[in-house]
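These protein sequence lines are chains A and Y, in that order.
Residues 25 to 298 (this note's numbering) are what the first sequence spells out, left to right.
Residues 237 to 499 (this note's numbering) are what the second sequence spells out, left to right.
Even glycine gets a Cβ: it sits at the ideal position worked out from N, Cα and C.
Comments concern the structure below.
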Amino acid sequence: MTAAIEVLQYDFMRRALLAAVMIGLSAPAVGIFLVQRRLALIGDGLGHIAVSGVALGLVVGHAPIFIALVTAIVGAVAIELIRARGEAFGEIALAMLFYGGIAGGVVLVSRAPAGTRNLNQYLFGSITTTSASDLITFSILAAVILALTTWLGPALFAVSNDDEFARASGLPVMPLNITLAVLTACTVVISMRVVGVLLVSALMVVPVATAQLWTSSFRATRWLAMAVGFAVSLVGVVLSYYVDTPSGGTIVLLAIAVFGVTLFAQSASRLSRR
Amino acid sequence: MSASVVTPAVVVREARFGYGSHEAARADLRIDAGDVVAVLGPNGSGKSTLVKGMLGLVDVLGGTVEWFGRPLQEADRSMIGYVPQRQSAAGPIPVTVDELVRSGRLAPNGWWRRSPDADRRAVDAAIEVVGLADQRRRPVNRLSGGQQRRALVARGLAGGARVLILDEPLAGVDAASQAALADTLRVLADAGTTIVIVLHELGPIQPLVTRVVAMNSGSVVFDGPLAAVPRALLHDDHADDAHGGVFEDPGDFELFRRGLFRR
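As structure tokens, then:
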């Protein structure tokens, strides 16, 4: 408790904790629909694409987060359109997009002014880098994500659970899929400072995987996954401060540890009941 | 009353359905309200493509489809309940029967609106009619295969459907579950629901069926009441005749013949 209060003395930690809360709640709120669609790793691909946007921002010396957001949204729409075509070439096209994104980022950043060529903080998170203006952007994105996943929740569930039934019911499946892809892109961007674009996918998936070990409904899984995401993000940031480790890796390892302990506890509980 | 004044639920006029430019089924059909139509045929005969084409789930390469007098694109989807072919109704995340069935309420409401009271009543009624009232809070993936199919039927009904389209609902389901599903469909048919059901074999559905549409090689090869299925299609010694005009492969014909009357 004292440790938690101590970290609140620093502005950068307060900002990092607020950003952690936003990503901790937003990532599972979007991730649950991706897991149900069996597209759990799409966030990973969008993270790769966002790297190019960050690098472009560093090169032009202006708003890397905003440029990453635009790049990730364009990438998200492109991915959804490629997937919808469903052709054999689709998977190869996605691979081109993902690896082209990260390769483009690495090449572009080499052209950035000296002293700004550090992509690592965006790739894996760094708690000291969250600025006040970042927080405003993240707050708006998180509010949009949480509002839309709640308001559109029933429709997103219907499409994620059974795409064919949703189309037969007359739902606008393609616009809903593109909306989910854009929300995923927004989540990737919120993650940029604390978790990092290459690790955010874990926060979309692991809390959901942990929650569904205990729940028996989609609704309960959603709320519990958000609670798990919130807790591991917050504790992970504090932990990364004290053990001096990158926040993204710390949060993700903590999330995986919680999953492992939960799985073990559940298996042990089952065995003891036999 | 003459047959011509009976309201057609769906009219398929010289329609060709397929994927891209590949045609997989063609048909010219009129299904009247209250009909219970079994669409039969061997694997690859185009029966699933036919019903998916009627719903706009595959490409319509030619012709027209009308639901209750309106073109497919303008059809009131809440009047059509679809039960797709599924081995499991569940995805990776647990979903209760109630949640699954509730997802069938989006068509009548409009996907952006909520009608909590009407939804509750419709979901309750749909779950009740398929006999899963005591299972409504259970995750779908913990139900038997037959119960999962009935949950899918409830989802198809929840929007207030007047037509139910089922794609191979008996596949991979044990005999007791098939009988339970047949009982559910009997209740719906007695209440006037139009039913179009894709089957490999009639099994326990046979007493309900008012009409058979037989498919082979993407075309309708028979369309009429069960009692009027041509004798040529029913006897082995006429298999060659049938083969000559209807079935390309005698094995397909045998599968079709055995399936038609197996219980």
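Asked	Found
M451(Y) classed as buried or exposed, judged by whether at least 16 other C-beta atoms fall within 10 angstroms	buried
Cutoff 8 Å: I56(A) Cβ touching any chain Y Cβ	yes
Neighbourhood of L49(A) by C-beta, 8 Å cutoff - its chain only, sequence neighbours within 5 removed	A166, L170, M250, G253, F254
Reference A354(Y), options R341(Y), K283(Y), N377(Y), closest by Cα	R341(Y)
Beta-carbon gap between I401(Y) and V287(Y) smaller than 8 Å	yes
Reference V262(A); option with closest CA among L132(A), N142(A), T152(A), A233(A)	T152(A)
Beta-carbon proximity of Q290(A) to L237(A), cut-off 8 Å	yes
Where the alpha helix (DSSP H) containing H72(A) begins and where it ends	66-84
Own chain, CB closer than 7 Å to V213(A), minus 5 neighbours either side, in chain order	A74, I89, A92, L93, A96, L165
Assigned exposure category for L41(A) - 16 Cβ within 10 Å defines buried	buried
Chain Y within 8 Å of Q60(A), Cβ atoms only	yes
Within chain Y, the residues that Q236(A) reaches when beta carbons sit closer than 7 Å	I329, P330
Per-residue contacts from R191(A) into chain Y (C-beta, under 7 Å)	L293
Three-state secondary structure (DSSP) of M216(A)	coil
Backbone CA spacing between V301(Y) and L308(Y) [nearest angstrom]	6 Å
Whole-angstrom distance between F242(A) and P375(Y), CA atom to CA atom	9 Å
Buried/exposed call for L35(A), threshold 16 Cβ in 10 Å	It is worth fixing the name first, because residue 35(A) is Asp in this sequence and not Leu. Answer is exposed; the Cβ neighbour count stays below 16.
Cutoff 8 Å: S240(A) Cβ touching any chain Y Cβ	yes
Of the listed residues L176(A), A119(A), D187(A), G81(A), nearest to P137(A) (C-alpha basis)	G81(A)
8 Å Cβ cutoff, A343(Y) in contact with chain A	yes
N- and C-terminal bounds of the beta strand (DSSP E) containing S134(A)	No beta strand (DSSP E) contains S134(A), which DSSP labels as neither H nor E.
N- and C-terminal bounds of the beta strand (DSSP E) containing N185(A)	Note, N185(A): premise wrong, no beta strand (DSSP E); alpha helix (DSSP H) at 177-185.
Cβ shell of A43(A) (< 6 Å), same chain only, five flanking positions each side left out	T154, F162, R217, V218
For A407(Y), the three-state DSSP class (helix, strand or coil)	coil
Limits of the alpha helix (DSSP H) - the one that G381(Y) falls within	381-393
Below-8 Å beta-carbon distance, R313(Y) vs any chain A residue	yes
Chain A contact for E437(Y) (CB, 8 Å cutoff)	no
R378(Y) and V359(Y) closer than 8 Å at C-beta	no
As assigned by DSSP and simplified to three states, the class of W247(A)	helix
Cα-Cα separation, R13(A) to D264(Y)	Any answer about residue 13(A) is impossible in this case: the structure gives chain A only from 25 up to 298.
Cα-Cα separation between Y146(A) and G292(Y), rounded to whole angstroms	44 Å
Closer than 8 Å at the beta carbon, the chain A residues around P320(Y)	D186, E188, F189, A192
Of the listed residues L388(Y), G254(Y), R249(Y), V272(Y), nearest to H427(Y) (C-alpha basis)	Contrary to the premise, residue 427(Y) reads as Ala rather than His in this sequence. Comparing Cα-Cα distances from A427(Y) to each of L388(Y), G254(Y), R249(Y), V272(Y), the minimum goes to V272(Y).
Where N201(A) falls, given that 16 or more other Cβ within 10 Å makes a residue buried	buried
Alpha helix (DSSP H) runs contained entirely in the region 314-338 of chain Y, provided each spans 4 or more residues	333-338
For P244(Y), three-class secondary structure by DSSP	strand
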